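Residue numbers (full-length UniProt numbering): 1 to 411.
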């Protein structure tokens with residue numbers, strides 16, 4: 001029997017989109033710690049425009065976007081939705097999912113009701129002249145991240161997505177695994193392969209910050225699959241051993257060092273302080289050499305902590321190598337000794353999200369058995385506030401995190 005709303009875990013008849021759904025929402029008047037910012041509400045299911053699809057979410061990945069949105073920093077993202085012609089007084093987060101197509105707009109050509117798909121976070125206008133010229137959606141003024149700048153994300157029973165952010169899910173891939181790879185694995189793949197002149201080559205040393213996390217655990221495997229030498233940076237010996245199991249050549253325990261943080265003016269003016277910093281970072285670099293077995297610096301550094309680690313990343317990166325940054329979990333305001341950048345021809349490269357082509361290339365590696373989707377921590381729909389609170393307080397479990405929505409009772 002068709003209903004106005006279905007309980008979480010119930011599967012509506014294929015192609016029937018109810019008028020209401022359960023969703024975890026954020027509103028401007030309650031932003032703050034995630035445990036209090038997220039509230040479960042009943043909201044209207046949106047209608048698709050001509051180039052949009054309605055997806056019944058089977059599983060949703062979790063990433064840091066849900067924390068930034070909840071705390072309202074660096075900005076209240078809810079107030080930006082008017083830029084994308086879909087203003088609402090709430091935000092449904094969730095920037096990656098796997099699900100089933102339940103409705104399609106008139107201009108959608110590549111997908112039909114019943115298709116099993118993976119949805120990535122990248123949204124843009126495919127008719128944008130800037131995008132067409134650069135052939136990179138991230139250059140377009142229409143670019144936004146679904147479930148962050150764009151609304152109707154994956155923390156709901158149904159989502160509204162653009163056709164350009166979808167790809168077919170391989171049948172052999174579980175809903176949970178499919179939902180866990182786009183913001184971590186595809187981002188790592190893009191960081192390693194997109195930037196001309198610094199694409200990963202065989203035998204390249206690649207330093208991976210946060211090797212036991214979602215991004216790091218995928219980056220290690222991709223580096224290994226493409227012939228590189230991955231070295232992980234971790235905070236515990238247990239996490240280091242986990243990275244070895246993923247294929248890392250070795251690991252560095254960052255808690256053995258104290259030189260983290262922003263390089264202030266006093267460091268440049270005080271030779272005693274500078275020599276203390278330099279001694280520690282040289283010791284860190286020697287650990288890399290010891291792991292590799294020769295004096296070989298990283299050609300690529302996978303960076304996402306930001307403020308605390310950027311000076312070290314620039315220092316240890318090889319001449320004409322690249323520090324590629326996709327986040328700043330320890331702070332947005334960074335610093336570095338610019339001499340190491342210009343004198344040694346090093347590259348500091350920003351990298352944001354990934355393209356659908358990156359996802360498809362990563363899926364090829366996964367389906368060929370070259371990359372295994374690492375540890376997945378599976379949660380229920382009602383756990384969404386607590387998961388984000390754990391990320392916020394740095395007490396989340398290692399590995400990728402996935403919320404099961406419709407997949408709970410799917411046969």
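Glycine included, every Cβ here is placed at the ideal spot set by N, Cα and C.
Note that this is a predicted model, so its numbers are computed, not measured.
Below 8 Å on the Cβ atoms is my guess for residue i versus residue j; work out the distance and round it to an integer in Å.
i           : j           : result
residue 397 : residue 377 : 5 Å
residue 5   : residue 20  : 4 Å
residue 188 : residue 291 : With 8 Å as the limit, residue 188 and residue 291 do not qualify as a contact, their Cβ atoms being about 20 Å apart.
residue 217 : residue 374 : 4 Å
residue 211 : residue 232 : 3 Å
residue 234 : residue 257 : No, residue 234 and residue 257 are not in contact; Cβ-Cβ is about 12 Å, not under 8 Å.
residue 179 : residue 402 : 5 Å
residue 130 : residue 207 : Incorrect: roughly 33 Å between the Cβ atoms, too far for contact.
residue 38  : residue 385 : 4 Å
residue 345 : residue 320 : 5 Å
Please state whether the Cβ-Cβ distance between residue i and residue j is less than 8 Å.
i           : j           : result
residue 25  : residue 92  : yes
residue 64  : residue 327 : yes
residue 324 : residue 300 : yes
residue 200 : residue 193 : yes
residue 77  : residue 148 : yes
residue 304 : residue 329 : yes
residue 155 : residue 99  : no
residue 412 : residue 253 : Lying outside 1 to 411, the shown extent of the chain, residue 412 is not represented and no answer is given.
residue 407 : residue 116 : no
residue 204 : residue 261 : no
residue 134 : residue 97  : no
residue 152 : residue 46  : yes
residue 226 : residue 184 : no
residue 182 : residue 354 : yes
residue 108 : residue 405 : no
residue 74  : residue 392 : no
residue 198 : residue 1   : no
residue 42  : residue 160 : no
residue 119 : residue 165 : yes
residue 278 : residue 311 : no
residue 104 : residue 113 : yes
residue 247 : residue 221 : yes
residue 28  : residue 79  : yes
residue 195 : residue 389 : no
residue 314 : residue 341 : yes
Return helix, strand or coil for residue i, following the three-state DSSP convention.
i           : result
residue 58  : strand
residue 88  : coil
residue 157 : coil
residue 26  : strand
residue 183 : helix
residue 291 : helix
residue 277 : helix
residue 357 : helix
residue 382 : helix
residue 68  : helix
residue 44  : strand
residue 372 : coil
residue 406 : helix
residue 349 : strand
residue 14  : coil
residue 1   : coil
residue 283 : helix
residue 53  : strand
residue 325 : strand
residue 400 : strand
residue 394 : coil
residue 189 : helix
residue 104 : strand
residue 34  : helix
residue 340 : helix
residue 335 : coil
residue 74  : coil
residue 201 : coil
So what does residue i bridge to, in DSSP terms?
i           : result
residue 97  : 60, 119
residue 207 : 231, 301
residue 367 : Its beta-bridge partners do not exist; DSSP assigns none.
residue 113 : Answer by DSSP bridge pairing: none, since residue 113 is not bridged.
residue 377 : 401
residue 20  : 44
residue 39  : 25
Contained alpha helix (DSSP H) runs [length at least 4] in the region 211 to 271, N- to C-terminal order: Listed in chain order, the complete alpha helix (DSSP H) runs (minimum 4 residues) inside the region 211 to 271 are 214 to 225, 237 to 246, 265 to 269.
May I have a chain-ordered list of the beta strand (DSSP E) segments no shorter than 3 residues that lie completely inside the region 118 to 179? Fully enclosed beta strand (DSSP E) runs of 3 or longer: 158 to 162, 166 to 168.
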